[in-house]
Amino acid sequence: MNSRNIYEIDLDQNQANFAHLTPLSFIERCSSVYPKKVSLIHGDKTYTWAETYKRCCLLASALLKIGIGKGDTVAFMGANTPETFEGHFGVPMAGAVLNALNVRLDAKAIAFILEHAEARVLFTDREYSETIKAVLELLPNDILVIDIDDPSFSGGELLGSQNYEDFIGQGDDSYSCFQIDDEWQAISLNYTSGTTGDPKGVVFHHRGAYLNAISNNMCWDMTAHPVYLWTLPMFHCNGWCFPWGLAAAAGTSVCLRHVRDAAIFESMKEHAVTHFCGAPVVLNTIVNADESLKVGLAKGIKAMTAGAAPPAAVIASMENMGFEVTHVYGLTETYGPCVVCAPQDDWADLSIDDRAELLARQGVRAPLQDELMVADPQTLEPVPKDGKTMGEIFMRGNLVMKGYLKNPKTTQASFEGGWFHSGDLAVWYEDGYTQIKDRSKDIIISGGENISSLEVESVLFKHPKILEAAVVASTDEKWGEVPCAFVSLKSDQEMGVDELIAYCREELAGFKIPKKVVFGPIEKTSTGKVQKYLLREKAEQVGYAVKK
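Position in the sequence shown (from 1) plus 10 gives the number in the working numbering.
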């Protein structure tokens, strides 16, 4: 090896050959190249990319005028409206950090988040005024409140000192996009669900947001000018980075304030939607919608699903309707999707049911995710690719968070060994695809045997009378833990415990059959994740014990 490296002599990084990565560059380019392309549709309102960029600049300059800048947190309690979309650009354009709040949280949780994040400004939609009114009473310090007064919602109160339109009207027309000086700079702050304690603040940086937006577009065939329907909350991992990805692709956002079946189908048909995201519960809503709503729907609409493992039966039903389903996997800590079930050419020759079984797997690393493995959580040794040996999913690379805000101990633990610990248990197949079998905390250990709640749920979902199902552990004096099934039936169906158990006996080993069954609605988060910690509590108190 030559001791004198000629490639390190007089070839330094400089302004001409290097720029820090930031998704803010997407909207700047988009407004210049496609100024007249439609950026946003919300009811009767339509904006072009030139208009959206100008509004984002006005928001940024208005924030700067009141002293908001680098290191400050600006919170949005917003629905899927143009204002929330603009916040994804306007806030970081001022150098500040966007904290998009989960609108389903209670006042106590939101107050904790605002105080922990040291938020200085809160933009809030009037739909959530009842919650925010309670939040403001809990906060120890004053916060500037600015109302989002969306004409598509007529209820609620105005709590702020001014409204959004008046506020950005104070901005500077000549302001241009903020130039970051470090791509490691924080761009957004998202909080985990906090199922075992207070929520943890996950910090994203500009580089990761840029790369994940591009990665999503690449693995989902989102090329120039897609029409994207906002069935996914923009507050969830910054809408899986799609506000930024849509700017990169010069796409059109069709805003959807409330995710209801009639509104979904109407928007898809009226605006020729090409792409949408949603948890399996959204897909289930589409599949089980009234047949009259489905008339005239175009084939080939691309659906990306994550947030919970989608049952193969739901994927098969979506494909039968003509949708193209892409299953992705990730966490708040990985900017949303970082693993994709990339379809192979020979899968096209399979039956829909067989293809759906493959598509239900979590898959392989996304294009810009550096490393992924399934390994023993104690030794970090990769498990065999045999589709049987369970291990934990680990990731590392550019699509992993900076860390948890003000929580160095938990940050260090989550990065132990140089990998991010997901807490999800999976198997690894010979073809390199992963499949989650459960969260580590959701595995049911019955008489020393491990039972995957996802396996039992998958069987339940296949029953034609069942709309949704969730399985958790319930304590048992003899076995330690036994499966408890929560089942929601389709609106026109009836089923008793005996019928359900008889079906399970045909599909499952005896020790995996639910020993308790609870019929009724299933509690979920705003993003469609089943709240299993609540179901575990309920399983200890109610349920129809199954007779042996």
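Even glycine gets a Cβ: it sits at the ideal position worked out from N, Cα and C.
Straight-line gap, residue i to residue j (C-alpha atoms, nearest Å)
i	j	result
Gly81	Cys229	33 Å
Leu256	Ala121	31 Å
Val497	Val350	29 Å
Ala352	Ile76	47 Å
Met232	Ala259	7 Å
Asp452	Met331	32 Å
Leu149	Asp116	14 Å
Phe36	Phe188	13 Å
Lys14	Gln23	Note on residue identity: the sequence assigns Arg, not Lys, to residue 14. Rounded to whole angstroms, Arg14 to Gln23 spans 19 Å at the Cα level.
Lys542	Val291	15 Å
Ile190	Asn112	27 Å
Leu368	Ala196	37 Å
Leu494	Tyr443	One detail in the question is off: residue 494 reads as Cys in this sequence, not Leu. Taking the straight line from one Cα to the other gives about 29 Å.
Cys251	Gly317	14 Å
Thr205	Val540	Because Thr205 carries a pLDDT of 45, less than 50, the predicted location of this residue cannot be relied on, and the following value inherits that uncertainty. Roughly 11 Å between the two C-alpha positions.
Leu545	Leu199	28 Å
Glu167	Ser139	6 Å
Leu68	Cys514	59 Å
Arg270	Thr295	8 Å
Leu415	Asn248	17 Å
Glu276	Glu402	41 Å
Ala512	Tyr339	33 Å
Nearest residue (CA-CA) to residue i, options the options
i	options	result
Ala144	Lys118, Ile158, Lys472	Lys118
Val324	Thr444, His216, Pro387, Ile476	Ile476
Leu2	Asp159, Ile532, Gln372, Asp355	Examination of residue 2 is not possible in this model, given that the chain is present from 11 through 558 alone.
Ile461	Arg449, Phe471, Lys472	Arg449
Ala370	Leu341, Glu334, Leu390	Glu334
Cys66	Lys46, Val43, Ala104	Ala104
Trp489	Asp300, Gln189, Ile454	Ile454
Tyr44	Val237, Leu50, Ala60	Ala60
Thr202	Pro161, Tyr138, Ile78, Tyr345	Tyr345
Ser456	Ala483, Thr444, Leu464	Ala483
Val305	Ala319, Pro320, Ala322, Lys279	Lys279
Gln551	Ala519, Asp486, Glu504	Asp486
Ile153	Ala219, Ser263, Gly181, Ile78	Ile78
Gly427	Lys412, Arg406, Asn109	Arg406
Lys47	Leu21, Glu93, Thr32, Val237	Val237
Paired residues, beta bridge with residue i - DSSP
i	result
Phe99	According to DSSP, which records beta bridges pairwise, Phe99 is partnered with nothing at all.
Trp438	Thr444
Thr262	Val237
Ser198	Leu108, Phe214
His3	Residue 3 is absent from the model: the chain starts at 11 and stops at 558.
Tyr543	Note: Tyr543 sits in no beta bridge, so no partner.
Ala385	Pro392, Glu402
Asn460	Ile455
Leu154	Val131
Met87	Thr134
Leu341	Gly346
Leu50	Tyr57, Ser263
Ala479	Val497
Gly373	Thr444
Thr336	Met314
His431	Phe404
Lys534	Val540
Asp486	Gly490
N- and C-terminal bounds of the beta strand (DSSP E) containing residue i
i	result
Trp445	The amino acid occupying residue 445 in the given sequence is Gln; Trp does not appear at that position. Here the beta strand (DSSP E) through Gln445 covers 444 to 449.
Gln169	It is worth fixing the name first, because residue 169 is Leu in this sequence and not Gln. Taken as a continuous stretch (DSSP letters only), Leu169 belongs to no beta strand (DSSP E), as it is neither H nor E.
Pro493	490 to 499
Lys526	526 to 529
Extent of the continuous alpha helix (DSSP H) to which residue i belongs
i	result
Arg136	Note, Arg136: premise wrong, no alpha helix (DSSP H); not H, not E.
Ala366	362 to 369
Lys55	Unbroken run through Lys55 is the beta strand (DSSP E), 55 to 58; no alpha helix (DSSP H).
Pro290	290 to 297
Cys559	A query on residue 559 cannot be resolved here, the shown segment of the chain reaching from 11 to 558 and no further.
Phe122	117 to 126
Asn12	Note, Asn12: premise wrong, no alpha helix (DSSP H); not H, not E.
Gln422	418 to 424
Met411	Careful: Met411 lies outside any alpha helix (DSSP H) and carries neither H nor E.
Cys247	247 to 250
Below-8 Å beta-carbon distance, residue i vs any chain C residue
i	result
Phe275	Annotation note: the requested chain C is absent from the structure, which comprises a single protein chain.
Cβ pair count under 8 Å reaching 3, the segment 206 to 215 against the segment 233 to 242: no
- So does the segment 391 to 399 actually touch the segment 435 to 445, counting three or more Cβ pairs closer than 8 Å? yes
Validate contact between the segment 130 to 141 and the segment 85 to 98 using beta carbons, cut 8 Å, 3 pairs | yes
Cβ contact check for the segment 211 to 226 and the segment 363 to 381: 3 or more pairs under 8 Å: yes
With three or more C-beta pairs closer than 8 Å as the rule, is the segment 382 to 389 touching the segment 353 to 367? no
message = For the segment 465 to 473 against the segment 412 to 432, do three or more pairs of beta-carbon atoms, one drawn from each stretch, fall closer than 8 Å, so that the two count as touching?
response = no
Quiz item: Given 8 Å as the limit, is there contact between the segment 304 to 316 and the segment 284 to 291, that is, 3 or more CB pairs closer than that?
Solution: yes
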